[in-house]
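I have placed the structure first, in the form of structure tokens, so that the comments after it can refer back to it.
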């Protein structure tokens, strides 16, 4: 008789990468394990150290990075952002307004969650 193996894997969906308790980006992955692996990719970690929010790096290189299932509002935001950027094949949607996205008019972009006006 086969006994099902319990894992922490969730079915495909939207996951959120958090740094110091702040949701930073949402991503689509097949499983929680896959989302965690993506969250540890060297290229992504380097981007997180290079990108800034309020003139501070999104990640300081030492703070723990947590990956969790997106809440319903974050999932809707991810889907809407991906729909707006249909040509963009990146699985990532930033949930914060990075300094490199800021423009002189202060318009809100799909890089801000929740939108601040």
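Residue numbers (the UniProt record's numbering): 1 to 117. The beta-carbon is built from N, C-alpha and C at its ideal position, and this holds for glycine as well. As the structure is a prediction and not an experimental result, all values here were calculated from the model.
- Relative to the Cα of residue 14, the nearest Cα in the group 99, 93, 97, 100 belongs to 93.
- Per the DSSP secondary-structure output, residue 52 pairs in a beta bridge with 57.
- Less than 8 Å separates the beta-carbon of residue 19 from that of residue 63.
- When the beta-carbon positions are compared, residue 79 and residue 17 stay at least 8 Å from each other.
- In the DSSP annotation of this structure, residue 68 is not part of any alpha helix (DSSP H); the continuous beta strand (DSSP E) holding it starts and ends at 65 to 69.
- Rounded to whole angstroms, the separation of the alpha carbons of residue 22 and residue 52 is 14 Å.
- Counting only the Cα atoms, residue 37 lies some 15 Å from residue 48.
- By a beta-carbon distance limit of 8 Å, residue 28 does not contact residue 72. Their separation comes to about 15 Å.
- Between residue 74 and residue 44, the C-beta gap is not smaller than 8 Å, which leaves the two residues out of contact.
- Residue burial is scored here from C-beta neighbours: residue 61 has fewer than 16 other C-beta atoms within 10 angstroms and is therefore classed as exposed.
- In this chain, residue 81 is not harboured by any beta strand (DSSP E); it is covered by the alpha helix (DSSP H) spanning 72 to 84.
- CA-CA distance, residue 70 to residue 35, rounds to 11 Å.
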